[in-house]
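A.B. asks:
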Amino acid sequence: MHAVLAAKQLGAERIIAMSRHADRQRLAVEYGATDVVTERGDEGVARVKELTGGYGAHSVVEAVGTQESMMQAIRSTRPGGHVGYVGVAHGVELPGMELFFSGVHLHGGPAPVRRFLPDLIDLIWRGEIDPGRVFDLTLPLDEAAQGYAAMDERRAIKALVRP
């Protein structure tokens with residue numbers, strides 16, 4: 000969701016969100032998504048290519064960290080385009096030949112938070128963005144495990160844990 004919000008703030012004209020969950024779809028559109036793709040795997044890739052005139056997306060954010068999501072991101076990106084992955088992928092193996100011939104740039108690593116935080120806080124303070132809307136479940140600290148379960152089962156977008 001925050002990738003959609005960031006793309007909108009950076010001036011993207013077309014923002015394609017991938018989601019099969021109505022609550023996430025609604026928030027993605029409110030954050031600036033122009034299209035929502037519900038398909039996964041090869042069908043999801045085909046839909047992105049259809050929406051982009053057969054080319055694929057110029058820039059893709061992979062924010063799940065699984066083998067399927069990484070390959071879908073790479074295959075949804077046009078040659079010369081960029082995939083940025085956030086977080087640490089788990090169990091992902093990249094097929095070297097496919098990546099080489101795709102012409103896709105793959106970037107990841109720790110985010111330089113201090114570089115962006117002052118501007119983001121200013122946008123929030125001025126009411127131009129509201130990233131906190133992703134938190135649709137609030138739980139006390141001793142129920143943190145239930146928050147992870149709710150997110151995993153798609154009963155919550157993000158859980159906010161409070162002391």
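With numbering that gives the first Met the number 0 applied, the sequence shown corresponds to residues 0 to 162, in that order. We put the beta carbon where it would ideally sit given N, CA and C, even for glycine. No experiment lies behind these values; they were computed from the predicted model shown.
1) Quick check on the DSSP output: the alpha helix (DSSP H) that includes G79 runs from which residue to which?
2) Does the segment 65-74 come close enough to the segment 18-26 to have 3 or more Cβ pairs within less than 8 Å?
3) Indicate whether V233 and R74 have their beta-carbon atoms separated by less than 8 Å.
4) Between R132 and the rest of its own chain, which residues show a CB-CB distance below 7 Å, the 5 nearest in sequence each way excluded?
5) Using DSSP with H/G/I as helix, E/B as strand and the rest coil, what is R39?
6) State the Cα-Cα distance for the pair L93 and E152, rounded to the nearest angstrom.
7) For my contact list, G146 and L136 are in at a C-beta cut-off of 8 Å; report their separation, rounded to the angstrom.
8) Report the three-state DSSP secondary structure of M17 (helix, strand or coil).
9) For the alpha helix (DSSP H) containing L119, name the first residue and the last one.
10) Just grab the DSSP bridge partners of I107 for me.
11) Between V160, H106, I128, which has its C-alpha nearest E142's C-alpha?
12) Here's a check: name, in chain order, each residue in its chain whose Cβ is nearer than 6 Å to the Cβ of Y54, leaving out the five neighbours to either side.
C.D. replies: Short version:
1) Not the alpha helix (DSSP H): G79 falls in the beta strand (DSSP E), residues 76-84.
2) no
3) Lying outside 0 to 162, the shown extent of the chain, residue 233 is not represented and no answer is given.
4) L26
5) coil
6) 27 Å
7) 6 Å
8) strand
9) 112-124
10) Reading off the sequence shown, one finds Gly at residue 107, where the question assumed Ile. Answer by DSSP bridge pairing, in chain order: Y84.
11) V160
12) R77
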